[in-house]
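Novice: Mind looking over this structure? Questions follow.
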Amino acid sequence: MKTAVSPSTTKIRTIVDSILQAIAAGQLRNGDRVASERQLVEQFGVSLGTVQRALQELEHRGIVKREHGRGSFVRGLGASMDARYVRFRGADGADLPLYWHILKHQGVKVTSHLLKYFGPGVPLVRIDRQVDVNGQFALYSQFFLPERSFYALSGEVTDGTNLRELISRRLALPAIRVEKSIGFETMPTAVAKALAYGPTKPGLIIEMRGYTSDDQPVYLQRLYGEPFAGAMMVLDTGN
Numbered sequence: 001m002k003t004a005v006s007p008s009t010t011k012i013r014t015i016v017d018s019i020l021q022a023i024a025a026g027q028l029r030n031g032d033r034v035a036s037e038r039q040l041v042e043q044f045g046v047s048l049g050t051v052q053r054a055l056q057e058l059e060h061r062g063i064v065k066r067e068h069g070r071g072s073f074v075r076g077l078g079a080s081m082d083a084r085y086v087r088f089r090g091a092d093g094a095d096l097p098l099y100w101h102i103l104k105h106q107g108v109k110v111t112s113h114l115l116k117y118f119g120p121g122v123p124l125v126r127i128d129r130q131v132d133v134n135g136q137f138a139l140y141s142q143f144f145l146p147e148r149s150f151y152a153l154s155g156e157v158t159d160g161t162n163l164r165e166l167i168s169r170r171l172a173l174p175a176i177r178v179e180k181s182i183g184f185e186t187m188p189t190a191v192a193k194a195l196a197y198g199p200t201k202p203g204l205i206i207e208m209r210g211y212t213s214d215d216q217p218v219y220l221q222r223l224y225g226e227p228f229a230g231a232m233m234v235l236d237t238g239n
């Protein structure tokens, strides 16, 4: 049975949206094989080139991984929503335990950086947490989300809560795509004080921005840390 292609969108967009919707609905999970190119050609009644361009777009956005001779596979979505995007490995190669502790939550002034991501007219709440990495060093997490999302969680935010998984489960807002950036810059004064780190010294900054299947912002998280030794940081690029 062929799926009708909406005249209001391009054929490529229709294929991309169909796959994203299947992921958001849990029909396709982490590691699942997407329908073959031939199956997609038959399903949507389009050319092979159109299907390949749609899969290329999904690969470029980090949604699927294409393997020559095997097909296209979902990368780190759906079933991996409960995974941490940043992990640390010890010298023995094992992941180090992370202990999350909520410090506070509060409404925040919308800076130009936050405005660029969330858009105008969106009141925000920031959840501050300290992260102990196996007792070896600490990180400071600032998690920004719309005020309406925060209050809809009904007090379920606790020390060990995976905020991304909670938002996905309770609010039906899975972060299908997560952009990550990493750099070094001076920390906010309060963050540097909490980490007992020099307020004028550059520190590690990791920023993660989560989007829904239609590219609507879900959250923005910033992790701050001082230089550390005895562990290797792992960014899960597929998640």
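In our numbering, the protein residues as written are 1 to 239. The beta-carbon is built from N, C-alpha and C at its ideal position, and this holds for glycine as well.
Does the region 47-60 come within contact of the region 22-37, defined as at least 3 CB pairs closer than 8 Å?
Specialist: Taking 8 Å as the limit for Cβ pairs, the verdict is that the region 22-37 does touch the region 47-60.
Novice: Taking L103 as the reference, give the member of E42, V86, V157 with the closest Cα.
Specialist: Considering only alpha carbons, the answer is V157.
Novice: Who are the Cβ neighbours of F144 in its own chain at under 6 Å, not counting the five residues just before and after it?
Specialist: So the qualifying residues of the chain are L124, R126, L220.
Novice: Should the region 130-142 be regarded as contacting the region 85-102, the criterion being three or more beta carbon pairs within less than 8 Å?
Specialist: Taking 8 Å as the limit for Cβ pairs, the verdict is that the region 85-102 does touch the region 130-142.
Novice: Would you mind reading off the limits of the alpha helix (DSSP H) that contains L171?
Specialist: Unbroken alpha helix (DSSP H) run through L171: 163-171.
Novice: Please list the terminal residues of the continuous alpha helix (DSSP H) segment that includes E147.
Specialist: Start and end: 147-152.
Novice: Output the distance between the C-alpha atoms of K65 and L58, rounded to the nearest integer angstrom.
Specialist: If you take the alpha carbons of K65 and L58, they lie about 8 Å apart.
Novice: How many Å lie between N162 and Q142 at the Cα?
Specialist: Straight-line Cα distance between these residues: approximately 13 Å.
Novice: Look at the alpha carbon of A138 and the alpha carbon of R89, and state the distance between them as a whole number of angstroms.
Specialist: Those two C-alpha atoms are separated by around 14 Å.
Novice: Note down the Cα distance separating G155 from G69, rounded to an integer number of angstroms.
Specialist: Spanning the two alpha carbons is a distance of roughly 48 Å.
Novice: When the Cα atoms are used, what is the spatial distance from D191 to P199?
Specialist: It is Val, not Asp, that sits at residue 191 in the sequence shown. Approximately 9 Å, taken between the alpha carbons.
Novice: Straight-line CA distance for I182 to G45?
Specialist: The straight-line gap from Cα to Cα measures roughly 42 Å.
Novice: Alpha carbon to alpha carbon, what distance is there between A231 and Q136?
Specialist: Near 9 Å, if we compare the C-alpha coordinates of A231 and Q136.
Novice: How many Å lie between R87 and L235 at the Cα?
Specialist: So the alpha carbons of these two residues sit roughly 7 Å apart.
Novice: Around the Cβ of A91, are there at least 16 other Cβ atoms within 10 angstroms (buried) or fewer (exposed)?
Specialist: Looking at its Cβ environment, which holds fewer than 16 other Cβ atoms inside 10 Å, A91 is exposed.
Novice: Can you list, in chain order, the residues of its chain with a C-beta nearer than 6 Å to that of R33? Leave out the 5 residues immediately preceding and following it.
Specialist: The answer, listed in chain order, is G71, F73.
Novice: Within 10 Å of its beta-carbon, does G203 have 16 or more other beta-carbons around it, so buried, or fewer, so exposed?
Specialist: Counting Cβ neighbours within 10 Å, G203 comes out buried, since at least 16 surround it.
Novice: Pull the bridge partners of T186 from the DSSP assignment, please.
Specialist: Answer by DSSP bridge pairing, in chain order: P202.
Novice: Could you tell me the boundaries of the beta strand (DSSP E) in which K65 lies?
Specialist: K65 -> beta strand (DSSP E) spans 64-67.
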